[in-house]
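Protein chains in written order, with the UniProt record's numbering: chain R, 1 to 448; chain A, 1 to 448. Idealized CB from N, CA, C, for every residue including glycine. None of the values given here were measured: they were computed from a predicted structure. Take a look at the structure below.
Okay, here's the thing in structure tokens:
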């Protein structure tokens, strides 16, 4: 069973260990505010888009970034515009642009030699690989409780693909009760036929998104444009609770909604934390808030974790090699970047920071929602995973257009929602800039 | 239709542009010969394997590499052994270990800033991205003829996944004859149901391997251990020609075998060049040897190309954005590495070099095959994609064991085959070392 990547548990934050939050000021190198000099996309981005459209579908490209000039929370484009980035490359950049810890890791000669020799990690891992895994993904404060095993991959979709394979393998092993593969299984498997390739399925949530490769896409039930014309699998789909917000004012209704959707099943439980992991919620993993009695069987990661893959419980480890396998099985550079991210999270107490600023942002958005209740509603979130609804699809487009032209980059979500996914060094100072510009835009829409 | 990644056309090589092949000597920094100090894996690798087995299936790991000490064609392990590497990380390292051009690219500060800010390339590509794509993947001497469009991805399996999606989209578009999606298609697609998710299929070759994600695995009909217990799709499987070698002595039989397997079909034609591209055959793409009258519709790449993705013809470009899409859509570091590889291939005329040394190696292997016909047979290949059969699975294991303990790293393949996949800077000098040790091993087996 795959969980939709949204946090939906009780709304409380851990006690801050200390109170040295960042001052209300720009970070070193950051501009004081976002600014735009052109319509977005500007003429240089337009010209480059026009050129690039000959070799690629460019309809998804918003503008071209100038990553040499981008810094901290600010994304510069090639037309001289500078955005306060609250989307951070689909929520994948943990520490914003050109963070000193990331640049430091990449400028180290020893690391460059590690990066230069990308090995097939499943065959010839480097000397430092087990140790680096231990110091990053398996740190006691990082690894999900109860899941001491790891499989690494190149990206999020591959993590999902290999995670569901491991679940199928374990499921079949249980049913085989210690017996070896039969000859019939071995002979039918290369031809995609049962019993070798059995007719098993994964249960996933209505509305969920888990990736775009064939297996991950079969678990995705989001926008039709992602799936239309592509064959799929008749796997079951579970209802997903539709909550009312704010949560503390709708406890009764939401509990009823939970009861409607929840049913305990004795099947492998896979939690997809690709978007929610890496500190985005104010804890390393969103499911730390769930207060589960037993750990999930598998937890996938990617995005802010820089490295991709999944944790799993020891009983899921396949008995034979090459069953869950991949040429690269991840890339050492991803672990070096993760190392820099985790060291910064620790040194700057960024989890406490995310909880604090996330709560501040949610409170202020709730106030705006009351003031502009015709335009926005259902403010919700945890830490830096925040979303709100607009009245309709058209209103969402208008609001995003206004925000972007005033230098705020946010993310699109569903039909009428806007999502905020700032990086972990987003501060109260940046929140205030965003809130002021958002208020201007809402005012403009209200008068319109 | 997916092609099995093996070159099977006529056996002739392009005329060398010049004759300045590398001298018969080690490359700078390389040892004179491979050497082993311990059994393989050595005690340090064994100890680390034992430790690492607690967190991962380690049955596929041969030993741990010391990549700081590896150089050129030589892979050092952590027990002080140094292997002449004729497998090169599953054929993915194009220029061997710690090549100056790769280290040079990684030590450049501007490149480090590009790498530090990995963007969501489908949304906010960097200023330099289109230009870098143009200068690398789309160079006239690099891009496959007739395929000027490109989609980039993180790894080979993802390239296959997105390539088959694009083929399905194009196929459906043709059948729709310019009409828009129907409401029924839009409503059924998120739930995996037809007509939104149609019952279409991909025809792939018996025995082929294309990757380990769900879609790629459904096209893979290789070893059962890759597929057993994992559900699959009832897609059709085409016979693949089983040739007799050497090709020039079996023209008649092989033509009959072709006739048995070939049937022209008016369906999208996808060529998987993930393992064969990047100069491994002595041309950038293996299908350059096929002398096709019309180009394939899609050509996938990864491995030696450093970057992953696929080329496609303009008519395959989806009309709507977000249909073939992915969070990262590749990584700028992969293009920077490809740039270094291509510049080196050009500067050192490595394609000519690969043809020359590949032919030399094939000739010498053919001679050995005559001398030891009880042990090895069916020597075959093109450039640096070479394989031969052993008498049986057991003989293959013995030979690989002997070779490895004398410091030669080769690759496993099928039931009884051994594959050689040296990097592009493998020279006649290295070939001679390999051939001498191989002869010793064959002699030992013959006496046994």
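- Contact between residue 223(R) and residue 92(R) does not hold, since the beta-carbon distance rounds to 20 angstroms and is not under 8 angstroms.
- Contact of residue 38(A) with chain R is not assigned, every C-beta pair being separated by 9 angstroms or more.
- Closer than 9 angstroms at the C-beta level to chain A, one finds these residues of the region 213 to 241 of chain R: 213, 214, 215, 216, 217, 218, 220, 221, 222, 223, 224, 225, 226, 227, 228, 229, 230, 231, 232, 233, 234, 235 and 237.
- Collapsing the DSSP output to three states places residue 91(A) in a helix.
- For residue 382(A), the enclosing beta strand (DSSP E) starts and ends at 376 to 382.
- Classified as exposed, residue 347(A) has fewer than 16 neighbouring CB atoms from the shown chains inside 10 Å of its CB.
- For residue 306(R) against residue 94(R), the beta-carbon gap comes to about 7 angstroms, under 8 angstroms, which counts as contact.
- Per DSSP, residue 361(R) is one residue of the alpha helix (DSSP H) stretching across 350 to 371.
- The three-state secondary structure of residue 425(A), taken from DSSP, is coil.
- In the structure shown, residue 240(R) adopts coil according to DSSP, grouped into three states.
- Residue 373(R) is not a Cβ neighbour of residue 417(R), given a cutoff of 9 angstroms.
- Within the region 101 to 116 of chain A, the residues whose Cβ lies closer than 8 angstroms to some Cβ of chain R are 102, 103, 106, 107, 109, 110, 112, 113, 114, 115 and 116, listed in chain order.
- Following the DSSP letters along the chain, one finds residue 302(R) in no beta strand (DSSP E), marked with neither H nor E.
- Residue 310(A) is positioned such that its CB atom lies closer than 9 angstroms to that of residue 159(A).
- Within the region 304 to 330 of chain A, the residues whose Cβ lies closer than 9 angstroms to any Cβ of chain R are, in chain order, 306, 308, 314, 317, 318, 319, 320, 321, 322, 323, 324, 325, 326, 327 and 328.
- In this structure, the alpha-carbon of residue 58(A) lies about 21 angstroms from that of residue 415(A).
- The beta carbons of residue 116(A) and residue 63(R) sit no closer together than 9 angstroms.
- Nearest C-alpha to residue 76(A) among 105(A), 52(A) and 44(A): 44(A).
- The region 245 to 259 of chain R makes no contact with the region 174 to 191 of chain R: fewer than 3 CB pairs, one atom from each, lie closer than 8 angstroms.
- For residue 152(R), the uninterrupted beta strand (DSSP E) segment begins and ends at 149 to 153.
- Contact note: residue 136(A) does not reach chain R at a C-beta cutoff of 9 angstroms; the least C-beta distance is about 12 angstroms.
- Using a Cβ-Cβ cut-off of 9 angstroms, residue 157(A) counts as an interface residue toward chain R, since at least one Cβ of chain R sits closer than that to its own.
- One thing to note: residue 420(A) has its Cβ no nearer than 9 angstroms to the Cβ of residue 342(A).
- Contact with chain A is found for residue 66(R), since one of that chain's Cβ atoms lies less than 9 angstroms from the residue's Cβ.
- According to the DSSP secondary-structure assignment, residue 387(R) is paired through a beta bridge with 380(R) and 419(R).
- With a threshold of 9 angstroms between beta carbons, residue 250(R) makes no contact with chain A.
- Counted as a single uninterrupted DSSP element, the alpha helix (DSSP H) harbouring residue 159(R) occupies residues 156 to 176.
- Inter-residue distance for residue 129(R) and residue 436(R) is about 46 angstroms (C-alpha atoms, whole angstroms).
- Shown in chain order are the members of the region 179 to 193 of chain R whose Cβ falls below 9 angstroms from a Cβ of chain A: 181, 185, 186, 187, 188, 189, 190, 191, 192 and 193.
- Per DSSP, the unbroken alpha helix (DSSP H) holding residue 45(R) starts and ends at 43 to 52.
- Burial state of residue 441(R) is buried, judged by a 10 Å Cβ sphere holding 16 or more other Cβ atoms.
- For residue 99(A), there is no enclosing alpha helix (DSSP H), since its DSSP letter is neither H nor E.
- For residue 355(R), no chain A residue has a C-beta closer than 8 angstroms to its own C-beta; the minimum C-beta separation is roughly 26 angstroms.
- Residue environment: residue 245(A) is assigned as buried (16 or more neighbouring CB atoms within 10 Å of its CB, all protein chains considered).
- Chain-order list of chain R residues neighbouring residue 161(A): 157, 212, 213 and 214, by C-beta distance under 8 angstroms.
- The beta carbons of residue 398(A) and residue 412(A) sit no closer together than 9 angstroms.
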